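*Asks:* Residue numbers (the UniProt record's numbering): 1 to 106. Yeah, the Cβ is synthetic: ideal placement off N, Cα and C, and Gly gets one too. Here the structure is a predicted model, which is why all the values come from computation and not from measurement.
1. Using a threshold of 8 Å, state whether the C-beta atoms of residue 70 and residue 54 are closer than that.
2. Count the CB pairs spanning the stretch 23-42 and the stretch 71-79 that are closer than 8 Å, and state whether there are at least three.
3. Grab the span of the alpha helix (DSSP H) containing residue 56 for me, first residue to last.
4. Taking a contact to mean a Cβ-Cβ separation below 8 Å, would you say residue 47 touches residue 76 in this structure?
5. Quick one: grab the DSSP three-state call for residue 77.
6. When you compare only the Cα positions, how much space is there between residue 49 and residue 22?
7. Since residue 59 and residue 5 should fall inside the 8 Å C-beta cutoff, what is the C-beta to C-beta distance between them, to a whole number of angstroms?
8. Suppose the cutoff is 7 Å on Cβ atoms and the five residues either side in sequence are ignored; what does the same chain contact list for residue 3 look like?
9. Just reading off the alpha helix (DSSP H) that residue 46 is part of, what are its end residues?
10. Can you list, in chain order, the residues of its chain with a C-beta nearer than 8 Å to that of residue 45? Leave out the 5 residues immediately preceding and following it.
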């Protein structure tokens with residue numbers, strides 16, 4: 001069984017490490033206890049939406065990007081990975097979708 005808190009923690013850790021930030025730095029910038037953030041990253045604690053927003057802000061990453069990555073990972077684990085073109089509503093012009101998809105690949 002996949003736990004949402006585990007995926008959220010993994011994504012937060014990945015974004016933090018990609019930005020070269022320490023757990024202490026992010027916890028301080030987000031005004032979150034270091035031990036608590038560590039537990040969130042390890043999937044041991046569920047973070048509130050306020051905590052997630054503060055951590056996302058400390059990482060200079062929109063919360064929607066973080067949660068989008070969580071969603072992608074869950075879809076893969078569940079065997080539901082769907083190509084981007086099939087997830088975009090029909091009302092979005094095709095040239096915007098293809099342009100966006102090519103940016104993701106680069």
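*Replies:* Reading from the atomic positions:
1. To locate residue 70, count along the chain shown from 1; it is residue 70. To locate residue 54, count along the chain shown from 1; it is residue 54. Contact: no.
2. no
3. Indexing the chain shown from 1 puts residue 56 at position 56. Counting along the chain, the alpha helix (DSSP H) containing residue 56 begins and ends at 49-58.
4. Position 47 of the chain shown, counted from the first residue, corresponds to residue 47. Position 76 of the chain shown, counted from the first residue, corresponds to residue 76. No.
5. Start at 1 with the first residue of the chain shown, and residue 77 comes out as number 77. In this structure, residue 77 counts as helix in the three-state DSSP scheme.
6. Within the chain shown, the letter at position 49 stands for residue 49. Within the chain shown, the letter at position 22 stands for residue 22. Spanning the two alpha carbons is a distance of roughly 22 Å.
7. Numbered from 1 along the chain shown, position 59 holds the residue referred to as residue 59. Numbered from 1 along the chain shown, position 5 holds the residue referred to as residue 5. Not confirmed; about 18 Å, so no contact.
8. Start at 1 with the first residue of the chain shown, and residue 3 comes out as number 3. Excluding positions up to five away in sequence, the list reads 43.
9. Along the chain shown, read from residue 1 onward, the residue named residue 46 stands at position 46. Unbroken run through residue 46: none, as it is neither H nor E.
10. Residue mapping note: residue 45 aligns to position 45 of the chain shown, counting from 1. 5, 36, 39.
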